[in-house]
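In what follows, a structure is listed as C-alpha cells, so that the remarks can point back to it.
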Amino acid sequence: MDAARETVILLDFGAQYNQLIARRVRECRVFCEILPYSTPWAEIMQHKPRGIILSGGPASVYGEEAPQCDPAVFRSGLPVLGICYGMQLMAAVLGGRVAAAPGREYGRARLTVLDATDALFAGLPREQDVWMSHGDQIIATPPGFIVTARTDYAPVAAMRDTQRRLYGVQFHPEVQHTPFGQEILRRFLYDVCGCTGTWTMRAFIDEQIEQIRETVGEGRVIAALSGGVDSTVAAVLVHRAVGERLTCIFVDHGLLREGEAEVVPPRLAREGLRVIHVDAAARFLAKLAGVTDPEEKRRVIGHEFIRVFEEEARKVGRVDYLVQGTLYPDVIESGTATAATIKSHHNVGGLPAEMELKLIEPLRLLFKDEVRRVGSELGLPEDILWRHPFPGPGLAVRILGEVTPEKLAILRQADAIVVEEIRLAGLYRDVWQAFAVLPSSIRSVGVMGDGRTYAYPIIVRAVTSEDAMTADWARLPYDVLARIASRIVNEVPMVNRVVYDITAKPPATIEWE
Ligand code: XMP
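Here it is, written out as C-alpha cells:
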C-alpha cells in the first residue's frame with residue numbers, strides 16, 4: 401500500500417451506518433478502510449493510518465462480551481474519534497463512567513456546543529441539530545477529558561482530551577440528519593489528524609495503474625465483460641495499465657436487454673481494448689429448454705458460462721490473470737459471517753477456478769459511486785456508467801417458467817419500453833433498477849377493439865435502493881405508469897395487461913426469481 405496515501409482506519413463495532421462513515425471520510429478526500437474492531441494494533445499500523453475512528457455498534461459497554469478494540473489504540477498517540485458506542489468505549493476504557501440513559505434517545509436532537517474553540521466544532525453554530533441513536537450515555541468523563549457539547553438528554557454529547565488527541569461524539573455525524581456532520585468529520589480529518597485531502601479518483605487511478613503494472617509484469621490478462629459498470633470500469637483501468645496484453649471476452653448468452661450487446665463491446669473497442677464478442681445465444685437457449693426452476697436456470701447458465709469462457713480463453717493462449725470487478729461492500733461482507741443463500745448469485749469472476757488464474761481486483765477498495773467517478777475520470781460515457789444493475793443470468797430470471805426465443809422477444813420489448821419511459825420522465829437515475837417481468841404461465845382475458853384477447857400480463861418492477869440489500873418500490877408518477885402500460889399493451893404482441901409490483905425488499909426480493 402502506498403505510504404503517501406492518507407489513510408484513516410474505521411474500526412467496525414457493527415453499527416448499521418458504518419459503511420456510510422467510510423464514504424463520508426472518503427468524500428473529504430481521505431482514504432478510509434474498514435477493519436473489524438478486534439484487529440490487532442500491529443495489523444492496524446500496517447496501514448500507516450493518520451487517525452482512527454471507532455464506529456457505533458449495538459452493544460453496551462457494560463454488557464457481557466462487549467466488543468473491545470486493542471487498548472493500544474488509546475495509547476498510540478494517534479488521533480482517535482469515537483462515535484456513539486465508540487465514544488462510550490473510549491470513556492469506559494479510560495476511566496470514565498457509562499450508564500443506561502433514563503430513556504433511549506433516538507432521532508433529531510438539539511446540540512449545544514459548550515466550547516466554541518473545540519477542533520471539531522470551531523466555526524460551526526453553537527446550536528445545531530444532530531442525529532442520536534443510543535440507550536447508554538456517559539455520566540462521567542475520564543480523567544483528562546472535558547465535555548464539549550451536550551443535548552437536553554445527553555449531558556456528554558461530545559468530549560475531548562486535546563493532549564492525547566482523543567475525541568468522542570455521541571451523535572452520528574455521518575447521517576444527513578446531522579447537517580454539520582460532514583464538517584465535523586472534516587475538522588477531525590484535517591485539523592486533528594493533519595490530512596490534506598489527497599485521495600482523489602485521479603490519484604486512485606494512477607496508483608492502481610502502477611500497482612497493476614507491477615503485479616502483472618510481462619503476464620497476460622483476460623477479463624469477462626458483462627456490460628455492467630463494474631466489469632467495464634475494471635477492464636478499462638487494467639487496459640490503461642497493460643495495454644494489449646489484456647483481452648476482454650464478452651459472452652452474449654442471448655439473455656441480455658435490448659441493445660446491450662451493441663453498446664458496450666464496440667464502445668470499448670473504440671477505446672482500443674481487444675474485445676472478443678461471443679454470440680452464444682443458441683447454446684444457452686438449447687441448455688435452457690425445459691428448465692423452469694429458478695435455481696436450476698442459474699446453475700445451467702453459470703455452468704455454460706464457464707464452458708464458453710474457458711473455450712474462448714484457451715484460444716487467447718497463455719493467460720496468467722483474470723480481472724474481476726469486485727467492490728468494497730463484497731470485500732467487507734465476505735469478512736463477516738455469511739448470510740443464508742437466498743439466491744445463488746452467479747458471479748462471473750469466481751468461475752474459472754480450474755484455470756488457475758490469479759485475480760486482479762482493481763475496484764476492491766471502492767464503493768459503487770466511486771466506481772462511477774473512476775469511470776467518468778477514465779472518460780467512459782454516462783449511459784454506460786449509470787446503467788442499472790442487471791443480474792448475470794439476465795432475462796432468464798425475469799421469465800417465470802421456461803425460457804423460449806418468443807418469450808424473450810416479448811420481454812425484451814416490454815423492458816425497453818419501461819426503461820425508455822422512465823428515462824424520458826427524467827427518473828432513470830432516481831431508481832436503482834426498473835424492468836419488466838413476464839410470468840409466462842399466466843394468461844388473462846382482455847378486450848381489444850371488438851375482440852376478446854387471452855394473453856400474457858407484464859409485471860413492471862421499479863425499486864429504489866442504496867445497495868440492493870434492501871429496497872423499496874419506486875413511487876413512479878401515475879402518468880408515467882399509465883404511459884408504460886398503454887405502450888406495452890399497444891406495442892408488444894401477446895400482452896394485454898400490465899401490473900405494478902408494490903412490494904418492498906424484504907419481504908420480496910428485487911428480482912422475481
Ligand atoms: P434480489 O433479487 O436478490 O437482487 O433482491 C439483488 C440484486 O442482485 C441482482 N441479482 C443477481 N445478480 N446474478 C447476479 O449477478 C444473479 O443471479 C442475481 N440475482 C439477482 C439483482 O438484479 C439486484 O440488483
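Heads up: the sequence shown at position 358 corresponds to 758 in the numbering used here, and the numbers run straight through without jumps.
Ideal placement from N, C-alpha and C gives every residue a C-beta, glycine not left out.
Item, Value
"Beta-carbon within less than 8 Å of Arg697's beta-carbon, same chain only, minus the 5 sequence neighbours each way: which residues are those?", "Here residue 697 is Lys; the residue named in the question, Arg, does not match the sequence. Within the same chain, Lys697 has close Cβ partners Leu688, Val691, Pro793, Ala796, Val797, Val803, Glu913."
"DSSP state of Pro915, grouped into three classes?", "The structure shown does not extend to residue 915, since the chain spans only 401 to 913, so no value can be given for it."
"Beta-carbon within less than 6 Å of Leu668's beta-carbon, same chain only, minus the 5 sequence neighbours each way: which residues are those?", "Val675"
"At a threshold of 8 Å, does Pro907 count as lining the ligand XMP (C-beta to nearest heavy atom)?", "no"
"Pull up the CB-CB distance for Leu808 and Ser841, whole angstroms please, since I reckon it's below 8 Å.", "About 16 Å separates the two Cβ atoms, so there is no contact after all."
"To the nearest angstrom, how far is it from the Cα of His447 to the Cα of Val430?", "13 Å"
"Look up Met532 in the DSSP assignment and give the residues it is bridged to.", "Gly507"
"Buried or exposed: Val837, going by 16 or more other Cβ atoms within 10 Å of its Cβ?", "buried"
"Using three-state DSSP, classify Ala904 as helix, strand or coil.", "coil"
"Label Thr741 either buried or exposed according to how many other C-beta atoms from any shown protein chain fall within 10 Å of its C-beta, with 16 as the threshold for buried.", "Annotation note: pLDDT 39 at Thr741 (below 50); position unreliable, no value reported."
"At a threshold of 8 Å, does Ala834 count as lining the ligand MN (C-beta to nearest heavy atom)?", "No copy of the ligand MN appears in this structure; the ligands present are the ligand XMP."
"Note the first and the last residue of the continuous beta strand (DSSP E) segment covering Glu433.", "431-436"
"Can you tell which of Ala868, Ile859, Glu891, Arg897 has the C-alpha that lies nearest to the C-alpha of Val845?", "Arg897"
"Is there at least one non-hydrogen atom of the ligand XMP closer than 8 Å to the beta-carbon of Ile910?", "yes"
"Using only the alpha-carbon positions, how far apart do Ala737 and Glu821 sit?", "Note on Ala737: pLDDT 33, under 50, position unreliable in the model; the coordinate value appears next. Looking at the two C-alpha atoms, the distance is approximately 41 Å."
"Evaluate the contact criterion for the stretch 675-686 versus the stretch 773-784: three or more CB pairs, one atom per stretch, below 8 Å.", "no"
"Any heavy atom of the ligand XMP inside 8 Å of the beta-carbon of Phe790?", "yes"
"Less than 9 Å separating the beta-carbons of Arg497 and Ile539?", "yes"
"Could you please give the first and the last residue of the uninterrupted beta strand (DSSP E) stretch that includes Ala549?", "546-550"
"Please work out which residues of its chain come closer than 8 Å, Cβ to Cβ, to Arg787, disregarding the five sequence neighbours upstream and downstream, and give them in chain order.", "Gly627, Gly628, Val629"
"Considering only C-alpha positions, which residue in the set Ala816, Asp872, Asp879 is nearest to Thr909?", "Asp872"
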